[in-house]
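**Student:**
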Amino acid sequence: MKKLLALTLTLVLALSLCACGGPSGGDTPTDTEGSKTESVEIPPVEDLTSTDTSKILGLEDGVLTVGMECTYPPYNWTQIDDSNGAVPISNVAGSYANGYDVMIAKRICEAYGWKLEIVSSEWASLTPAVQSQTMDVNIAGQSMTAERMAEVEMAGPYYYATIVCVTTKDGKYAQAKSIADLAGGTCTAQSGTIWYDSCLPQIKDAKILPPADTAPAMIMQLETGTADFICTDMPTAKGAVAKNDNLVILDFSGTEGDFQFANEGERAENVNIGIAVRKGNTELKDAIDKVLSALNKEQFSAIMDQAIAIQPAI
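Counting in this note's numbering, the sequence shown runs from 13 upward without gaps.
(1) Does the Cβ of Gln187 have 16 or more other Cβ atoms within 10 Å, making it buried, or fewer, making it exposed?
(2) Determine the extent of the alpha helix (DSSP H) in which Gln318 is found, giving its start and end residues.
(3) DSSP state of Trp89, grouped into three classes?
(4) Do Glu165 and Asn293 have their C-beta atoms closer together than 9 Å?
(5) Asp317: buried (16+ other C-beta within 10 angstroms of its C-beta) or exposed?
(6) Restricting to Cα atoms, I'd like to know which of Ala136, Asp93, Gly168, Ile220 is closest to Met80.
(7) Taking all protein chains shown into account, do 16 or more other C-beta atoms lie within 10 angstroms of the C-beta of Gly74, making it buried, or fewer, making it exposed?
(8) Go ahead and label Gly106 buried or exposed: buried means 16 or more other beta carbons lie within 10 angstroms of its beta carbon, across all protein chains shown.
(9) Could you tell me the boundaries of the alpha helix (DSSP H) in which Tyr185 lies?
(10) Check whether the Cβ atoms of Gly125 and Thr61 sit closer than 9 Å, and answer yes or no.
(11) How would you write the range of the beta strand (DSSP E) that Leu138 sits in, first residue to last?
(12) Using only alpha-carbon positions, find the residue among Pro169, Thr198, Tyr170, Ala173 that is nearest to Thr180.
(13) Which class does Gly214 belong to by DSSP, given the choice of helix, strand or coil?
(14) Please report the straight-line C-alpha distance between Lys219 and Met115, rounded to a whole angstrom.
(15) Is it a yes or a no for the stretch 199-213 touching the stretch 236-244, going by three-plus beta-carbon pairs under 8 Å?
(16) For Arg119 versus Val52, is the C-beta distance shorter than 9 Å?
(17) Check whether the stretch 91-105 touches the stretch 248-267, taking contact to mean three or more Cβ pairs, one atom from each stretch, closer than 8 Å.
(18) How many angstroms separate the CA atom of Asp225 from the CA atom of Leu71?
Laid out in structure tokens, this is it:
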């Protein structure tokens, strides 16, 4: 048995979470307005069970132990049952994890015939857990930053994100066309993210609140009026808007009014999302990359849309 982190999950999502119904079938996702998006075919998982993975560090027992917050929808969340393919959280009795990260983890495990174990871990504990081999991998919506990749290997990307802000439809920033239009606003983002550390400081005279511990806590500050707007990635924003029609996404990507990086390479490393593996465990990284390489950007986005469609109401 693998050693588990003795962590207590703060259930920001209430115990009464009630999962929404998922897509009626097939691979046609719905967008945040409920209309059908362009159909994207998601290929079946390649059968790689004949591959000998018994000597890969951490996979000797055939169990892939995956760390994630379980409070970061639509990447990952906690629910009270196994509906829509949710997986038990091994260190939180009676709770189940679901979301995009779980869907990707299930594809990887299905390919190799591994058993999947989900462990709830606080954001700040994720990287140390992989480094100490408490977790085999983190599939947790983590950006592939140079700083993070100096600490762990990262497979992927398994999602290509964009930077956006979210505000209220009736707020004074609802018509913002660039970050210049957000000047002087009160804002926040999730702790330990590029959104908080590098993006919000680019907004002139921004009143930056302390970082939120979780994505739901960040969204709650917007909904209660504590923050005028928040900065996050597109999936998190789409998930929030899907559950609250008073929220609107501010997408400045591709314009001169977008958040700036030294070059497009630096932008990519800060928004592309990867899977963390212990430094030096290239065999596990390569095995995961083989599964991820079967999907393209549009197919990853289609799976994300499926996750948003089944995201529980907060």
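Idealized CB from N, CA, C, for every residue including glycine.
**Tutor:** Judging by the given coordinates:
(1) The residue in question, Gln187, is exposed, as its Cβ has fewer than 16 Cβ neighbours within 10 Å.
(2) Per DSSP, Gln318 belongs to the alpha helix (DSSP H) from 309-322.
(3) If DSSP states are grouped into helix, strand and coil, Trp89 belongs with the strands.
(4) Yes, these two residues count as a Cβ contact at 9 Å.
(5) With 16 or more other Cβ atoms from the protein chains shown falling within 10 Å of its own Cβ, Asp317 counts as buried.
(6) With distances taken between Cα atoms, Met80 lies closest to Ala136.
(7) By the neighbour-count rule (16 or more Cβ atoms within 10 Å), Gly74 is not buried but exposed.
(8) By the C-beta density criterion, Gly106 is exposed, having fewer than 16 other C-beta atoms within 10 angstroms.
(9) Here Tyr185 belongs to no alpha helix (DSSP H), and DSSP marks it neither H nor E.
(10) The answer is yes: Cβ separation under 9 Å.
(11) Annotation for Leu138: no beta strand (DSSP E) segment contains it, though the alpha helix (DSSP H) segment containing it runs 138-143.
(12) Checking every option, the nearest Cα to that of Thr180 belongs to Thr198.
(13) According to the sequence shown, residue 214 is Gln rather than Gly. Gln214: helix per DSSP, three-state reduction.
(14) So the alpha carbons of these two residues sit roughly 37 Å apart.
(15) Yes, since at least three Cβ pairs between the stretch 199-213 and the stretch 236-244 fall closer than 8 Å, the two stretches touch.
(16) In this structure, Arg119 keeps its C-beta atom at 9 Å or more from the C-beta atom of Val52.
(17) Using a C-beta cut-off of 8 Å, the stretch 91-105 makes no contact with the stretch 248-267, since fewer than three inter-stretch Cβ pairs fall below that distance.
(18) When only Cα atoms are considered, Asp225 and Leu71 end up about 31 Å apart.
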